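S.K.: Take the sequence shown: its position 179, counted from the start at 1, is 190 in my numbering, and no numbers get skipped.
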Amino acid sequence: MRTVKDEALDVLASIGSIETEYPPAPYRPLDQYHSKPSKIRVAGAGAGATGICLAYKLERLLDPGTWELTLFEKNQHFGGTWFENTYPGVACDIPAPMYTYSFDPNPNWSHYFAYGSEIQNYFEDFAKRHGVQKYMKLNTKVVEINWDGNQGIWNIVLQDQVTKETWSDWAHVFVNGTGLLNTWKWPEINGLFNFKGSLMHSAKWNHEVDFANKTVGVIGTGSTSVQILPQLQKIAKQVKVFMRSPTWISPPFGGTALATLRKGAEVSLSTRQYKFTEEDKQRFRDDPEYFLEFRREIEAEINIMFEMYMQGSDVSKNFKKLIAEEMKRRIGPGQEKLLDFIIPKWSPGCRRVSPADGYLEALVSPNVEPVYGEIDYISKKGIVVDGQEHEMDILVCATGFQPAFKPPFKVCYSSFG
12 MRTVKDEALD VLASIGSIET EYPPAPYRPL DQYHSKPSKI RVAGAGAGAT
62 GICLAYKLER LLDPGTWELT LFEKNQHFGG TWFENTYPGV ACDIPAPMYT
112 YSFDPNPNWS HYFAYGSEIQ NYFEDFAKRH GVQKYMKLNT KVVEINWDGN
162 QGIWNIVLQD QVTKETWSDW AHVFVNGTGL LNTWKWPEIN GLFNFKGSLM
212 HSAKWNHEVD FANKTVGVIG TGSTSVQILP QLQKIAKQVK VFMRSPTWIS
262 PPFGGTALAT LRKGAEVSLS TRQYKFTEED KQRFRDDPEY FLEFRREIEA
312 EINIMFEMYM QGSDVSKNFK KLIAEEMKRR IGPGQEKLLD FIIPKWSPGC
362 RRVSPADGYL EALVSPNVEP VYGEIDYISK KGIVVDGQEH EMDILVCATG
412 FQPAFKPPFK VCYSSFG
């Protein structure tokens with residue numbers, strides 16, 4: 012009769028006969044002492060806000076001589092989304108005092124909601140002050156990364172954006188700093204490239220095109236379109252806005268903190284922008300604690316709005332009512348069709364809420380025509396909706412990005428062996 016001990020011995024014997032994949036090769040002792048430090052090689056995709064911060068932090072957290080870093084940036088200059096996006100009206104919808112590295116506050120913002128060029132200048136100034144440009148390799152796009160389990164490294168396939176030649180590099184650690192608003196996309200509309208006028212995407216703005224006295228078509232109602240329309244409305248002969256879905260246009264975020272700076276001046280609920288005076292900026296510079304408290308007030312007000320995203324909460328219901336009433340006020344009477352279309356039936360937060368100065372006012376301007384519904388196709392002369400052709404000189408696609416957490420390059424994994 013077999014005993015428990017016999018069965019245990021059989022199990023141990025069977026385990027000893029199993030072929031394993033590790034180690035992948037015959038063991039070879041290294042010609043060095045145990046736990047000898049080695050230099051770590053780090054690579055990053057992107058030299059925008061993340062890549063710049065990565066370089067800054069590595070210099071301060073790791074010992075000199077123990078690491079090396081290369082930031083591969085596909086553009087000819089660093090800055091990321093704020094270098095790429097230069098369309099009219101481009102700005103951040105988060106208050107500028109909050110839109111910095113927490114360890115490098117900027118008391119010199121010109122506006123409460125900073126415009127794109129000023130944000131780009133902030134990152135350029137930071138990179139120059141801290142000398143992180145030396146880690147950047149520009150005009151170099153990451154095409155593929157492949158983990159080699161045998162060597163414990165990432166093999167990286169790169170492409171020169173000028174010559175289109177490819178080559179390889181490697182790193183122990185790879186950091187994806189490409190961000191979410193990086194890979195812009197054309198709308199999937201039949202005949203898009205048949206259009207014979209000037210065609211552009213908001214993330215690839217053509218500054219050589221003259222919009223004065225032209226008929227312009229704008230596709231989209233998202234956070235980019237709401238910034239572009241008020242600018243084009245001022246100079247174009249006519250603007251046609253092609254609207255497929257409604258959108259919430261909210262009051263400004265974090266505006267309560269401005270009450271002290273405005274010194275009791277009454278402003279419209281829809282007026283979110285504020286230009287800092289020299290007196291404001293001087294106080295921010297002279298009193299860092301005051302500036303810190305100012306930023307904390309803004310952050311606290313924004314964080315309180317978190318309950319807006321909780322379905323059925325009182326904050327969500329009240330905010331929905333507040334935004335709807337404010338949108339109706341700004342659009343004004345006699346615009347029932349626009350009101351019925353643009354005010355969403357869903358609660359705020361189901362999709363991105365867009366605070367936008369002047370957007371609703373621009374939509375009801377005499378030289379702006381909202382066009383509702385799905386686009387049939389794009390012709391040589393313009394856009395066809397419900398069988399009607401809308402002719403135009405210029406077509407702007409404000410259709411955004413592919414905001415996925417999937418990296419914009421191929422990621423592979425090679426197991427042992």
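Beta carbons are placed, not taken as given, at the ideal position from N, Cα and C, and that holds for glycine. Predicted model, so just to flag it, every value in this text is computed and none were measured.
Relative to the alpha-carbon of ASN201, which residue among ILE167, ASP387, LEU371, ILE354 has its alpha-carbon at the smallest distance?
M.R.: ASP387
S.K.: Quick one: give me the first and last residue of the beta strand (DSSP E) that CYS64 is part of.
M.R.: It is not in any beta strand (DSSP E) - CYS64 instead sits in the alpha helix (DSSP H) that spans 60 to 72.
S.K.: Given PRO418, which residues of its chain have a CB within under 6 Å of its CB, disregarding the five upstream and five downstream residues?
M.R.: For PRO418, same chain residues with a beta-carbon under 6 Å away, outside a window of 5 residues either side, are ASN187 in chain order.
S.K.: According to DSSP, is LYS251 helix, strand or coil?
M.R.: strand
S.K.: In angstroms, rounded to a whole number, what distance separates the CA positions of PRO293 and THR267?
M.R.: With the sequence shown as reference, residue 293 is identified as Gln, and Pro is not the correct amino acid for it. Approximately 21 Å, taken between the alpha carbons.
S.K.: Taking buried to mean at least 16 other C-beta atoms within 10 Å of its own C-beta, is VAL153 buried or exposed?
M.R.: The residue is buried, with at least 16 neighbouring Cβ atoms inside 10 Å.
S.K.: First and last residue of the beta strand (DSSP E) that includes PHE83?
M.R.: 78 to 83
S.K.: Taking only the alpha-carbon atoms, compute the straight-line gap between TRP178 and VAL422 and give it to the nearest angstrom.
M.R.: Linking TRP178 to VAL422 through their CA atoms gives a straight-line distance of about 16 Å.
S.K.: Whose C-beta lies closer than 8 Å to the C-beta of ASN205 among residues of the same chain, with five residues either side of it excluded?
M.R.: For ASN205, where only same-chain residues beyond five positions count, the Cβ hits under 8 Å are ILE389, SER390, LYS391.
S.K.: Are there 16 or more other CB atoms within 10 angstroms of the CB of ARG140, so buried, or fewer, so exposed?
M.R.: The residue in question, ARG140, is exposed, as its Cβ has fewer than 16 Cβ neighbours within 10 Å.
S.K.: Can you give me the Cβ contacts of LEU8 inside the same chain, cut-off strictly under 7 Å, excluding the 5 residues immediately before and after it?
M.R.: Absent from the model: residue 8. The displayed extent of the chain is 12 to 428, so no value can be given.
S.K.: The beta strand (DSSP E) spanning ILE105 covers which residue range?
M.R.: Neither: ILE105 is in no beta strand (DSSP E) and is coded neither H nor E.
S.K.: By Cβ distance, which residues of its chain are closer than 7 Å to ASN119, with the 5 residues on each side in sequence left out?
M.R.: LYS292
S.K.: Could you tell me the distance, in whole angstroms, from the CA atom of GLU32 to the CA atom of ASN161?
M.R.: Residue placement at GLU32 is poorly supported in this model, since its pLDDT is 48, which falls under 50; the coordinates still yield a value, given next. About 11 Å.
S.K.: Short check: CB of THR429 to CB of MET211, under 8 Å?
M.R.: One cannot answer for residue 429 here, as it falls past the ends of the chain, which runs 12 to 428.
S.K.: Apart from the five residues on each side of it in sequence, which residues of its chain come closer than 7 Å, Cβ to Cβ, to THR189?
M.R.: ALA56, GLY57, PRO418, PRO419
S.K.: Runs of 3 residues minimum, wholly inside the stretch 135 to 167: which ones carry the beta strand (DSSP E) assignment?
M.R.: 151 to 159
S.K.: Are the CB atoms of PHE305 and MET319 nearer to each other than 8 Å?
M.R.: In this structure, MET319 does not lie closer than 8 Å to PHE305 by Cβ.
S.K.: Can you grab the Cα-Cα spacing for the pair ALA60 / GLY228, in whole Å?
M.R.: 32 Å
S.K.: Going by alpha carbons, who is nearest to LYS328 out of ALA270, VAL382, CYS361, ASN150?
M.R.: CYS361
S.K.: Helix, strand or coil: how does DSSP classify LEU191 here?
M.R.: Secondary structure of LEU191 (DSSP, three-state): coil.
S.K.: Just to confirm the assignment, what range does the alpha helix (DSSP H) spanning TYR437 have?
M.R.: Examination of residue 437 is not possible in this model, given that the chain is present from 12 through 428 alone.
S.K.: Per DSSP, what are the beta-bridge partners of ILE405 in this structure?
M.R.: SER209, VAL227
S.K.: Please return the same chain residues whose Cβ sits closer than 8 Å to the Cβ of SER121, not counting the five positions on each side in sequence.
M.R.: GLU129, LYS286, PHE287
S.K.: Check whether the Cβ atoms of GLY100 and PRO257 sit closer than 8 Å, and answer yes or no.
M.R.: Not closer than 8 Å, so no.
S.K.: Does DSSP classify GLN170 as helix, strand or coil?
M.R.: strand
S.K.: Among GLN43, THR81, ARG39, whose alpha-carbon lies nearest the alpha-carbon of ILE51?
M.R.: Answer by Cα proximity: THR81.
S.K.: Need the endpoints of the beta strand (DSSP E) that SER425 sits in, please.
M.R.: 421 to 425
S.K.: Rounded to the nearest angstrom, what separates ASP180 and ASP74 at their Cα positions?
M.R.: If you take the alpha carbons of ASP180 and ASP74, they lie about 23 Å apart.
S.K.: Per DSSP, which residues does THR177 bridge with? Please list them.
M.R.: Residue pairing from DSSP places THR177 in a beta bridge opposite GLN170.
S.K.: Taking 8 Å as the limit between beta carbons, can you name the residues of its chain near PHE222, skipping five residues before and five after?
M.R.: LEU243, ILE246, ALA247, ILE405
S.K.: Could you give the DSSP three-state label for PHE94: helix, strand or coil?
M.R.: helix
S.K.: Hey, ASN431 and ASP171 are a contact pair by Cβ (cut 8 Å); roughly how many whole angstroms apart?
M.R.: This structure cannot speak to residue 431, because the chain is shown only from 12 to 428.
S.K.: Between which two residues does the alpha helix (DSSP H) holding VAL237 run?
M.R.: 236 to 246
S.K.: Can you look up LEU269 in the DSSP assignment and give me helix, strand or coil?
M.R.: helix
S.K.: Taking all protein chains shown into account, decide if GLY393 is buried (16 or more other Cβ within 10 angstroms of its Cβ) or exposed.
M.R.: buried
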